[in-house]
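Residue numbers (this note's numbering): 15 to 98.
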């Protein structure tokens, strides 16, 4: 699985994109106040109404890797909200 990662220390944002079938999913981590963070998930083109088993596997693997990187980039405990 090929992934693209960008990290900006100034704005504290992690962006990770990964393929899911013919789509690209982009997950963006923003750090907020009080150690709370948010991951926003965007599909391009828009998310299909149904995913095949392979697409579900690709999404689970990509999102799990992104969330692991998000937690790994934090030095302390955080709250995490995932928006889709």
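By construction, the Cβ of each residue, glycine as well, lies at the ideal position given by its N, Cα and C atoms.
Taking its Cβ as the centre, do 16 or more other Cβ atoms sit within 10 Å of residue i, making it buried, or is it exposed?
{"i": "residue 63", "result": "exposed"}
{"i": "residue 86", "result": "exposed"}
{"i": "residue 68", "result": "exposed"}
Name the residue from the options whose alpha carbon lies nearest to the alpha carbon of residue i.
{"i": "residue 33", "options": "45, 74, 27, 44", "result": "74"}
{"i": "residue 35", "options": "59, 86, 80", "result": "59"}
{"i": "residue 66", "options": "85, 79, 37", "result": "37"}
{"i": "residue 61", "options": "86, 40, 78", "result": "40"}
Name the two residues that bound the continuous beta strand (DSSP E) containing residue i.
{"i": "residue 42", "result": "37-45"}
{"i": "residue 28", "result": "27-34"}
Would you please state the rounded distance, in angstroms, between the beta carbons of residue i and residue j? I believe it to be under 8 Å.
{"i": "residue 83", "j": "residue 45", "result": "At roughly 13 Å, the Cβ-Cβ gap does not stay under 8 Å, so residue 83 and residue 45 are not in contact."}
Please report how far the alpha carbon of residue i lies from the alpha carbon of residue j, in whole angstroms.
{"i": "residue 54", "j": "residue 76", "result": "14 Å"}
{"i": "residue 52", "j": "residue 71", "result": "23 Å"}
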